[in-house]
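2 protein chains.
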Amino acid sequence: MNEDASARLSRRRLLTGAVGLGAAGLGGAAMAGRALAGNADNLPPHVPEWTRTLGDGVGVRAYGQPSKFEKHVVRRDVQWLTASRESSVSFTPLHELDGIITPNGLCFERHHGGIAEIDPQDHRLIVHGLTDKALMLTLADLKRFPRVNRIHFLECAANSGMEWRGAQLNGCQYTHGMVHCVQYTGVPLKLILEEAGLKPNAKWILAEGADASAMTRSLPLAKALDDCLVATRMNGEMLRPEQGYPVRLVVPGWEGNMWVKWLRRLEVGDQPWQVREETSKYTDLLPDGRARRFTFVMDAKSVITSPSPQAPVAAKGFLVISGLAWSGRGTVRRVDVSLDGGRNWREAKIDGPVLDKACVRFYAETEWNGEELLLQSRAIDDTGYVQPTKDDLRKIRGTNSIYHNNGIQTWRVAPSGEVENVEVG
Amino acid sequence: MNEDASARLSRRRLLTGAVGLGAAGLGGAAMAGRALAGNADNLPPHVPEWTRTLGDGVGVRAYGQPSKFEKHVVRRDVQWLTASRESSVSFTPLHELDGIITPNGLCFERHHGGIAEIDPQDHRLIVHGLTDKALMLTLADLKRFPRVNRIHFLECAANSGMEWRGAQLNGCQYTHGMVHCVQYTGVPLKLILEEAGLKPNAKWILAEGADASAMTRSLPLAKALDDCLVATRMNGEMLRPEQGYPVRLVVPGWEGNMWVKWLRRLEVGDQPWQVREETSKYTDLLPDGRARRFTFVMDAKSVITSPSPQAPVAAKGFLVISGLAWSGRGTVRRVDVSLDGGRNWREAKIDGPVLDKACVRFYAETEWNGEELLLQSRAIDDTGYVQPTKDDLRKIRGTNSIYHNNGIQTWRVAPSGEVENVEVG
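Note that the protein sequences, when read in sequence, are chains D and W.
Sequential numbering of the first sequence, starting at 18, is according to this note's numbering.
Sequential numbering of the second sequence, starting at 18, is according to this note's numbering.
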């Protein structure tokens, strides 16, 4: 038997022997099952409405929308979390998605002064400071520059922040939903800085947004010249308003707060600006009273999106465990999955493209017969870094932190198939 | 000077010497330019409304939408083209996009009986015919199978069909807008057929849709077992209604008509079914009265999306020419661009991932000083196939055809910067 045929047989045993996906075993299709029992070539026992009548023609929705049966697949926010909705978060429904591309309408939101609704005709990007000349660029100017396309994840530094003190929120949408992954189109920041001309003492860049919070962050010049983009597009089309329309900074692998939205100003300087968002916020208070600062990189992390509290196990038998992994230091080399809370690990299969500082999708297949599971995943990146346990993180950083929790997440699968967020050992 | 520094200098010359993108040269930013002239570190001369007021908070749009300033970026149809809008086409605005991913809301539509609005609870996929057993699968069943993620282009066989008789429609949205490219998540069709068990004489598959046209096509078994998917998702989320929600066939590289939407039935047989869509339609009438049939593969093709009739040249100087290329036989190996109607060619830069049967994005940089250009692009795939001229195609196939026009497209750039669809040679 050749390898292909052998793999096929093994797959078939997996599906038929244990799972019974065949018509006879399908509880949910009993009516149809009866029709099939009489004559395997029968058509379905009824002709549904949508086959009997013409549907809407073209042009009814010039810009398409999801099916009305998918209304539950939306970003959700937690109103008790923040004092106002203008400075708050809505989370990506990771448990309702697959693959690595996040559709633009479901990319999580994090605003500090609400969504700036910018008229692109009136928007300018200023580049000044330690440069040979100052630039004031219109959107039309930006669109004339050479551009590149890169698929990158964007993770808020506060993603999983509520988990520092133990399992809190029941669903990966809330525990991990401040991450998304799209294809950006943008001008390499390096080209724009070269156009302005850098003075010899240039070392840092200040990026400032045009929103009501005038969000500002300091960015080391080396990163700016490496892989940052001044992006105007996501997944082909112009940025969405809540993602910085018409222009945002893309800072691959680094915390989302630095990806300044509604970008209006880039100042070149010789030291960081020590702005609010890198001093009183976006720093991590350690047990000894000192704070970690300029913690730019989002370290390797992963989460199982299905099963998960919002996506319980549907039936006993063959089960595909699936999730996302990413690393701000490069590519994900491997993802391991545990069914028993981290005692035993097996390598998951990574499917689809493995790209620099982008999400990967992983799958692990198993057989579930109603026993309790403690599901975990851990990402290993191409630097050899292994995603740590939450306890390992707490030993070093204590529990005062909000940001940079990349600890291993645990989901408990109950005999009923329901799933809850738990802490282990 | 190291290579990097040399490249940088060369780039700077490109931008500053010739293009004058610096503040002094920016006609569109004159007011701001004055402010900058006095003090290069000045902020913009006014604080816009969106900086002075809080914007909408999170949750205002649980499913996000494009900016109100992008309302012109929509699918468009041509009402004189078809007798009814239920059996018609709307086109992807390729000239408004960049990168390779098409956002779901802008993927072109082609319906034969309107959009079936399917309640997923009531939908079944039947697998029967020359199989060991018949299957009737619910959507929940399908979601339990192993799945994969693949980025593929989908092109309607009739894309560019109106160009057989010469330049017709003035814009790549209309000449080439029946192509899109997304990441699909689906079950390999091979796994589903193996679950049913194939009889030894199985050679063809009939795929049937649940829409009012009950769209049917015959598919060779070898292709079905190779890379076809039974897909439920595009760009992470569930398929859009107009793209076959909740389940469609993905037939990578083959004509879009075979990617049966609203998939309800797969019948296994020993010969093709000779249905309407592979006899009176989706065949090519040759000059001698015979017709080409079962012309499944979409051959290598490309189009310049900017500049193009709907995206004229904005200004003299540095110009980035950009477009899409794809091949149904594998990957795109190279794209060439001509500025003079095909007399001279230069290699374009392919940017972003190069994937099997997926679009690639290409760029070519030039200097434009108001002279007439005859812009063309040609794709070369990894089989060595070179995209032909329209005349070469007509020599063999005549001008009766509607389908499979992958000829080289020509855009004439006038001294005004306006662009029109023309024929050369």
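All C-beta atoms, glycine included, are put in the ideal place defined by N, C-alpha and C.
Proximal chain C residues relative to L114 (chain D), where beta-carbon distance stays under 7 Å: This model lacks chain C altogether; the protein chains it does include are D and W.
Determine, for A57 (chain W), whether the minimum Cβ-Cβ distance to residues of chain D falls below 7 Å. Residue mapping note: residue 57 (chain W) aligns to position 40 of the second sequence, counting from 1. Unreliable placement is indicated for A57 (chain W), whose pLDDT of 42 sits below 50; no coordinate value is reported for it.
What are the start and end residues of the beta strand (DSSP E) that includes T202 (chain W)? For the purposes of this step, residue 202 (chain W) is taken as residue 185 along the second sequence, with counting starting at 1. V196 to P205 is the span of the beta strand (DSSP E), which, as asked, contains T202 (chain W).
Is it right to say K374 (chain W) is buried, meaning 16 or more other beta carbons lie within 10 angstroms of its own, or is it exposed? Counting from 1 along the second sequence, the entry for residue 374 (chain W) is found at position 357. Buried: at least 16 other Cβ atoms inside 10 Å.
For G116 (chain D), the three-state DSSP class (helix, strand or coil): Looking up residue 116 (chain D) in the first sequence gives position 99. G116 (chain D) falls in the coil class under three-state DSSP.
Near R351 (chain W), which residues of its chain fall below 7 Å by C-beta distance, leaving aside the five closest residues on each side in sequence? Along the second sequence, read from residue 1 onward, the residue named residue 351 (chain W) stands at position 334. Closer than 7 Å at Cβ, skipping near neighbours: E364 and I397.
Is any beta-carbon of chain D found at less than 7 Å from that of S319 (chain W)? As a first step, residue 319 (chain W) is located in the second sequence; it is residue number 302 there, counting from the start. Closer than 7 Å: no.
Touching or not, the stretch 153 to 170 of chain D and the stretch 279 to 297 of chain D, by the rule of three or more beta carbon pairs under 8 Å? no
Just to confirm my understanding: we take P205 (chain W), look at its own chain, exclude 5 residues before and 5 after, and list those with CB closer than 7 Å. What are they? Counted from its first residue, the second sequence places residue 205 (chain W) at position 188. Closer than 7 Å at the Cβ level, and outside the excluded window around P205 (chain W), lie V165 and L246.
Could you check where the alpha helix (DSSP H) with H193 (chain W) kicks off and where it finishes? Taking the first residue of the second sequence as 1, we reach residue 193 (chain W) at position 176. H193 (chain W) -> alpha helix (DSSP H) spans C189 to H193.
Three-state secondary structure (DSSP) at I413 (chain D)? Against the first sequence, residue 413 (chain D) aligns to sequence position 396. In this structure, I413 (chain D) counts as helix in the three-state DSSP scheme.
Any chance the stretch 169 to 177 of chain D sits against the stretch 249 to 256 of chain D, with 3 or more Cβ pairs inside 8 Å? no
Let me know if E435 (chain D) comes out buried or exposed under the rule of 16 or more other beta-carbons within 10 Å of its beta-carbon. Position 418 of the first sequence, counted from the start, is the residue given in the question as residue 435 (chain D). Exposed: under 16 other Cβ atoms inside 10 Å.
With 9 Å as the limit, tell me which residues of the stretch 255 to 271 of chain D have their beta carbon closer than that to any beta carbon of chain W; keep them in chain order. M255, L256, R257, P258, E259, Q260, Y262 and P263
Where the beta strand (DSSP E) through K298 (chain W) begins and ends: Translated into positions along the second sequence, residue 298 (chain W) becomes position 281. Unbroken run through K298 (chain W): none, as it is neither H nor E.
C-beta atoms of G81 (chain W) and G122 (chain D) nearer than 7 Å: Taking the second sequence and counting its residues from 1, the one referred to as residue 81 (chain W) is at position 64. Taking the first sequence and counting its residues from 1, the one referred to as residue 122 (chain D) is at position 105. Yes, the pair counts as a contact, with Cβ atoms nearer than the cut-off.
Tell me the DSSP secondary structure of A100 (chain W) in three-state form. On the second sequence, residue 100 (chain W) is found 83 positions in, with the first residue counted as 1. Reduced to three states, the DSSP call for A100 (chain W) is coil.
Using a beta-carbon distance cut-off of less than 8 Å, what residues from the stretch 71 to 87 of chain W approach chain D? L71, G72, D73, G74, V75, G76, V77, R78, A79, Y80, G81, Q82, P83, S84, K85, F86 and E87
Out of curiosity, what's the CA-to-CA distance linking N438 (chain W) and W428 (chain W)? On the second sequence, position 421 is the one that residue 438 (chain W) refers to. On the second sequence, position 411 is the one that residue 428 (chain W) refers to. Taking the straight line joining both Cα atoms gives about 5 Å.
Within 8 Å, do at least three Cβ pairs link the stretch 305 to 322 of chain W to the stretch 266 to 277 of chain W? yes
Beta-carbon neighbours of S166 (chain D), restricted to chain W and to distances below 9 Å: Indexing the first sequence from 1 puts residue 166 (chain D) at position 149. Here the sequence assigns Asn to residue 166 (chain D), which means Ser is not the residue at that position. Residues of chain W passing the Cβ test: D115, G116, I117, I118, D368, G369, P370 and R378.
Grab the span of the alpha helix (DSSP H) containing W67 (chain D) for me, first residue to last. The sequence position of residue 67 (chain D) within the first sequence is 50, counting from 1. Unbroken alpha helix (DSSP H) run through W67 (chain D): E66 to R69.
Between the CA atoms of L341 (chain D) and V403 (chain W) - distance to the nearest angstrom: Stepping through the second sequence from its first residue, residue 403 (chain W) is reached at position 386. Stepping through the first sequence from its first residue, residue 341 (chain D) is reached at position 324. Each residue's Cα considered, the two are about 39 Å apart.
For R182 (chain W), tell me which candidate among W:K216, W:N422 and W:F170 has the shortest Cα-Cα distance. One-based indexing of the second sequence puts residue 182 (chain W) at position 165. Here the closest residue by C-alpha is W:N422.
Mind checking whether E126 (chain W) and E225 (chain W) have CB atoms under 7 Å apart? For the purposes of this step, residue 126 (chain W) is taken as the residue at position 109 of the second sequence. For the purposes of this step, residue 225 (chain W) is taken as the residue at position 208 of the second sequence. No, Cβ-Cβ distance for E126 (chain W) and E225 (chain W) is not below 7 Å.
Does any C-beta atom of chain W lie closer than 7 Å to the C-beta of G131 (chain D)? By one-based count along the first sequence, residue 131 (chain D) stands at place 114. By this cut-off, G131 (chain D) is an interface position.
At least three beta-carbon pairs within less than 8 Å, the stretch 190 to 198 of chain D to the stretch 286 to 305 of chain D: no
Among the candidates W:L71, W:H128 and W:A219, whose CA atom is the shortest distance from the CA of T99 (chain W)? Your numbering for residue 99 (chain W) matches position 82 in the second sequence. Cα-wise, what sits closest to T99 (chain W) is W:H128.
Excluding sequence positions up to five away, which residues of its chain have a Cβ less than 7 Å from the Cβ of G415 (chain D)? Locating residue 415 (chain D) in the first sequence gives position 398, where the first residue counts as 1. If we look at G415 (chain D) and ignore the five residues flanking it on each side, its Cβ neighbours are L303 and P304.
Taking only the alpha-carbon atoms, compute the straight-line gap between F162 (chain W) and P237 (chain D) and give it to the nearest angstrom. Looking up residue 162 (chain W) in the second sequence gives position 145. Looking up residue 237 (chain D) in the first sequence gives position 220. Taking the straight line joining both Cα atoms gives about 46 Å.
DSSP three-state call for I209 (chain D): helix, strand or coil? Mapped onto the first sequence, residue 209 (chain D) falls at position 192. If DSSP states are grouped into helix, strand and coil, I209 (chain D) belongs with the helices.
Which whole runs of the beta strand (DSSP E) in the stretch 140 to 164 of chain W are 3 residues long or more, in chain order? 142 to 146 and 152 to 154
Buried or exposed: Q200 (chain D), going by 16 or more other Cβ atoms within 10 Å of its Cβ? Counting from one through the first sequence, the residue named residue 200 (chain D) turns up at place 183. By the neighbour-count rule (16 or more Cβ atoms within 10 Å), Q200 (chain D) is buried.
Assign D368 (chain D) to buried or exposed, taking buried as 16 or more other Cβ atoms, counted over all protein chains shown, within 10 Å of its Cβ. Against the first sequence, residue 368 (chain D) aligns to sequence position 351. The residue in question, D368 (chain D), is buried, as its Cβ has 16 or more Cβ neighbours within 10 Å.
So is L38 (chain W) in contact with chain D if we call contact Cβ pairs under 7 Å? For the purposes of this step, residue 38 (chain W) is taken as residue 21 along the second sequence, with counting starting at 1. With a pLDDT of 40 at L38 (chain W), under the threshold of 50, the modelled position of this residue cannot be trusted, and the question is left open.
Do the stretch 130 to 149 of chain D and the stretch 74 to 91 of chain W make contact, defined as three or more Cβ pairs closer than 8 Å? yes
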